[in-house]
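Note sheet for the following structure.
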Amino acid sequence: MSPTRGYHNYRGRTSKGKIVLAVLLVLIILAALSVIAMQRYIVYDENGRPHLELPQQEPDKPEETPDDLDITIEETKKDPEIRAVQLTETPLTDSAWQERKMSILASSTLAVSRANTVALTVKDASGHVYYDSAAAAAVSASIVQTETSTAAAIAEVNETYPYTIARLACFLDPIAAKADVEGMGLKNTGGYIFYDGNNSNWLDPGKPAARQYLCSMAKELAELGFDEILLTDVSYPTAGKLDKINYGETMKNQNLAAFLEEMEAALADSDVRLSLELPETVIAEGSDNIAGLMLADVAPKVERIYAVATEEQSEALAAEVAAAGENTGFVPEFSADTGSGTAGSYLWLPE
Numbered sequence: 002m003s004p005t006r007g008y009h010n011y012r013g014r015t016s017k018g019k020i021v022l023a024v025l026l027v028l029i030i031l032a033a034l035s036v037i038a039m040q041r042y043i044v045y046d047e048n049g050r051p052h053l054e055l056p057q058q059e060p061d062k063p064e065e066t067p068d069d070l071d072i073t074i075e076e077t078k079k080d081p082e083i084r085a086v087q088l089t090e091t092p093l094t095d096s097a098w099q100e101r102k103m104s105i106l107a108s109s110t111l112a113v114s115r116a117n118t119v120a121l122t123v124k125d126a127s128g129h130v131y132y133d134s135a136a137a138a139a140v141s142a143s144i145v146q147t148e149t150s151t152a153a154a155i156a157e158v159n160e161t162y163p164y165t166i167a168r169l170a171c172f173l174d175p176i177a178a179k180a181d182v183e184g185m186g187l188k189n190t191g192g193y194i195f196y197d198g199n200n201s202n203w204l205d206p207g208k209p210a211a212r213q214y215l216c217s218m219a220k221e222l223a224e225l226g227f228d229e230i231l232l233t234d235v236s237y238p239t240a241g242k243l244d245k246i247n248y249g250e251t252m253k254n255q256n257l258a259a260f261l262e263e264m265e266a267a268l269a270d271s272d273v274r275l276s277l278e279l280p281e282t283v284i285a286e287g288s289d290n291i292a293g294l295m296l297a298d299v300a301p302k303v304e305r306i307y308a309v310a311t312e313e314q315s316e317a318l319a320a321e322v323a324a325a326g327e328n329t330g331f332v333p334e335f336s337a338d339t340g341s342g343t344a345g346s347y348l349w350l351p352e
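When we follow this note's numbering, the leftmost residue of the sequence shown carries the number 2, and every step to the right adds one.
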């Protein structure tokens, strides 16, 4: 039986009519979609005749560039390296300063000759104040001890060095404590002024007037042009009949922390740095309950902590300070017997 003719030639072919029909169908679909899409642009006039209104494309607006860009770059306050020499002259006079300045420059001790600043004692543990202080004079006329040229000498110190330190003894202050026992003095449980193991008297950190007295002097020192105020004797007595002290109701460490906070507030409108001298043992051990000192309380409230130490101790003490106050630096206080002062920050003490 012979195969059907033409079968293999017809199989798989598509007629031209079907192709044309498919193309027309696609065009009709596209046209319908276009009509649907254009419906929202068809507007009828008052006679009912439709017409097409296409939206007008707004021209691209050029980017506006402000004439003046107000860019504020916040400067990071760099911690300067402190290579300080402690001045021993109290009160400082012009002649004494000229002599001291030349001796620093000509010193054969490397730590002294490379010094970039000095620390001037403006109030010591005797209670005397060595600059013209209105705050001190208001408490007792015997507190302020100056010479005729003291003001000029202090001004020249601040002009000679771009950075200067004022050393301010705080609560160990027999003169002010006895001048105002009720308002500022540290009392015993019998209601009288307390005498420590060295027969000296203290201001009471728990009394607002005592704290304000010291804060007022800090503000005066800022106005004189000092760049840093180093607080010393920030503690309660640690020698004598301590069980006889009337500490009041507030914890000792809280009173000292409040004092540092008030100091910060007093200096808030100035660029003056606040620093604190502590015993080396307080830093190493973290606290001294008798003195009312806790490193974790005080370190965050100051920019630097100073301590009399050896070069061998300095690295460990710096680590303890950094752990207690993230942004707080450490400055060792050296002498010829304890350090060389050839690197890093230091405060060189008189021999």
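Ideal Cβ placement from N, Cα and C applies to all residues, glycine included. Nothing here was measured: the structure is a model prediction, and the numbers come from that model.
Apart from the five residues on each side of it in sequence, which residues of its chain come closer than 8 angstroms, Cβ to Cβ, to residue i?
{"i": "Tyr162", "result": "Asn117, Thr118 and Val119"}
{"i": "Ser108", "result": "Ser114"}
{"i": "Asn10", "result": "The pLDDT assigned to Asn10 is 45, lower than 50, so where the model puts this residue is not dependable, and the model offers no usable value."}
Looking only at its chain, what residues have a beta carbon closer than 6 angstroms to the beta carbon of residue i, apart from the 5 residues adjacent to it on each side?
{"i": "Lys124", "result": "Val130, Leu169 and Ala170"}
{"i": "Pro333", "result": "Ala310, Ser315 and Tyr347"}
{"i": "Ala153", "result": "Asp95"}
{"i": "Phe227", "result": "Thr165 and Ala167"}
{"i": "Ile74", "result": "Note that Ile74 scores 45 on pLDDT, short of 50, meaning its location in the model is unreliable; the coordinates nonetheless yield the value given after this. So the list is empty, once near-sequence residues are dropped."}
{"i": "Gly128", "result": "Asp174, Pro175, Ile176 and Ala177"}
{"i": "Ala259", "result": "none"}
{"i": "Val182", "result": "Ile194"}
{"i": "Ala297", "result": "Ala325"}
{"i": "Thr339", "result": "Thr311"}
List the residues that DSSP assigns as beta-bridge partners of residue i.
{"i": "Arg84", "result": "Tyr347"}
{"i": "Trp203", "result": "Leu173"}
{"i": "Pro333", "result": "Ala308"}
{"i": "Asp125", "result": "In DSSP, Asp125 forms no bridge with anything."}
{"i": "Val273", "result": "DSSP lists no partner for Val273."}
{"i": "Glu278", "result": "Tyr307"}
{"i": "Ile194", "result": "Lys188"}
{"i": "Val130", "result": "Lys124 and Val145"}
{"i": "Ala167", "result": "Leu121 and Ile230"}
{"i": "Ile246", "result": "Asn189"}
{"i": "Asp289", "result": "Leu294"}
Just tell me which of the options has its CA closest to the CA of residue i.
{"i": "Ala269", "options": "Ile230, Ile144, Ala97 and Ala310", "result": "Ile230"}
{"i": "Gly184", "options": "Pro206, Ser341, Ala308 and Gln146", "result": "Pro206"}
{"i": "Gln255", "options": "Thr147, Pro209, Pro175 and Ser114", "result": "Pro209"}
{"i": "Gly326", "options": "Met295, Ala267 and Asn199", "result": "Met295"}
{"i": "Ile1", "options": "Met264, Ala320, Ala323 and Tyr307", "result": "Here the chain covers residues 2 to 352 and nothing more, so residue 1 does not appear."}
{"i": "Asn328", "options": "Asp181, Glu250, Ala300 and Glu90", "result": "Ala300"}
{"i": "Glu321", "options": "Ala285, Asp338 and Glu263", "result": "Ala285"}
{"i": "Ala177", "options": "Ser143, Gly192 and Ala337", "result": "Ser143"}
{"i": "Ala223", "options": "Ala297, Thr251, Glu250 and Glu265", "result": "Glu265"}
{"i": "Met218", "options": "Thr122, Ala85, Ile291 and Val86", "result": "Thr122"}
{"i": "Thr239", "options": "Leu93, Val283 and Ala85", "result": "Val283"}
{"i": "Ser271", "options": "Leu225, Asp289, Leu277 and Asn290", "result": "Leu225"}
Looking only at its chain, what residues have a beta carbon closer than 7 angstroms to the beta carbon of residue i, apart from the 5 residues adjacent to it on each side?
{"i": "Leu173", "result": "Ala126, Ser201, Trp203 and Asp234"}
{"i": "Lys179", "result": "Gly186, Ile194 and Asn202"}
{"i": "Glu160", "result": "none"}
{"i": "Gly241", "result": "Tyr196, Asp197 and Gly198"}
{"i": "Trp98", "result": "Ala154, Glu157 and Val158"}
{"i": "Arg101", "result": "Leu88 and Glu90"}
{"i": "Ile104", "result": "Checking the sequence, you will find Ser at residue 104 rather than Ile. Contacts found: none."}
{"i": "Glu352", "result": "Ser336 and Ala337"}
{"i": "Val273", "result": "Ala223, Phe227, Asp228, Glu229 and Ile230"}
{"i": "Ile30", "result": "none"}
{"i": "Pro92", "result": "Tyr131, Gln146, Thr147, Glu148 and Thr151"}
Assuming residue i and residue j are in contact, meaning their beta carbons sit under 8 angstroms apart, how far apart are those beta carbons, in whole angstroms?
{"i": "Tyr237", "j": "Lys220", "result": "About 24 angstroms separates the two Cβ atoms, so there is no contact after all."}
{"i": "Glu281", "j": "Leu232", "result": "In fact, because the Cβ distance is near 17 angstroms, the residues do not count as touching under 8 angstroms."}
{"i": "Val303", "j": "Leu350", "result": "At roughly 20 angstroms, the Cβ-Cβ gap does not stay under 8 angstroms, so Val303 and Leu350 are not in contact."}
{"i": "Glu313", "j": "Ser341", "result": "Wrong, their Cβ atoms sit about 11 angstroms apart, outside the cutoff."}
{"i": "Thr147", "j": "Asp133", "result": "6 angstroms"}
{"i": "Leu356", "j": "Gly293", "result": "Outside the shown range of the chain, which is 2 to 352, sits residue 356, and nothing can be said about it."}
{"i": "Thr343", "j": "Leu106", "result": "So it is not a contact: roughly 18 angstroms between Cβ atoms."}
Would you check if there are 3 or more beta carbon pairs closer than 8 angstroms linking the region 182 to 198 to the region 232 to 246? yes
Taking 8 angstroms as the threshold, find out whether the region 208 to 218 comes into contact with the region 135 to 143 through three or more Cβ pairs. Taking 8 angstroms as the limit for Cβ pairs, the verdict is that the region 135 to 143 does touch the region 208 to 218.
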